[in-house]
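Residue numbers (the numbering used here): 446 to 580.
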């Protein structure tokens, strides 16, 4: 196993752990974090577009690093394409969720459930990649 594959394995395990923690987060905790984000945004006088841009750039860069690691770990092109598509969907949902947090008073149950499914799918993707690397 090469160095890139080992880094990919560690990244997959970290991503899986983070996504599981997101999937297990309660609705109350999510609402508290949303309120905290709104409070921090108002204190820093950050506009919605600035927050969306910084969220997009950070999420995009992390996703890009993960896809590049998958590519250089010698996964087939269709696996890399599936990972890219899944992370692109997550990036889109992250932006939609951020907009909802900033514009609405509460987090809707629909987006809460959608974020749970996204986190579960992301954890399954990272688990699958980790298992493919090891097996």
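Glycine is no exception: its CB is placed at the ideal position from the N, C-alpha and C atoms. Bear in mind that the values here come from a model prediction, so they are computed numbers and not experimental data.
| Item | Value |
| --- | --- |
| Spatial distance of residue 552 from residue 476 (CA atoms) | 6 Å |
| Every unbroken alpha helix (DSSP H) within the region 521-566, with a cutoff of 4 residues, ordered by chain | 522-548 |
| Sequence-distant residues of its chain with Cβ nearer than 6 Å to residue 538 (five each side left out) | 563 |
| CB-CB length for residue 457 against residue 571, believed under 8 Å | 4 Å |
| Given residue 577 as reference, the closest of 534, 540 and 515 once Cα atoms are compared | 515 |
| DSSP state of residue 447 mapped onto helix, strand, coil | coil |
| Beta-carbon proximity check, residue 480 vs residue 547, cutoff 8 Å | no |
| Closest residue to residue 566 among 527, 554 and 541 (Cα-Cα distance) | 527 |
| Through-space distance from residue 531 to residue 569, alpha-carbon basis | 11 Å |
| Cα-Cα separation, residue 430 to residue 574 | No statement about residue 430 is possible, as the shown extent of the chain runs from 446 to 580 and does not include it. |
| Residue 518, enclosing alpha helix (DSSP H) - first and last residue | That residue, residue 518, is in no alpha helix (DSSP H); it is neither H nor E in DSSP. |
| Rounded straight-line distance, which links the Cα of residue 483 to that of residue 550 | 10 Å |
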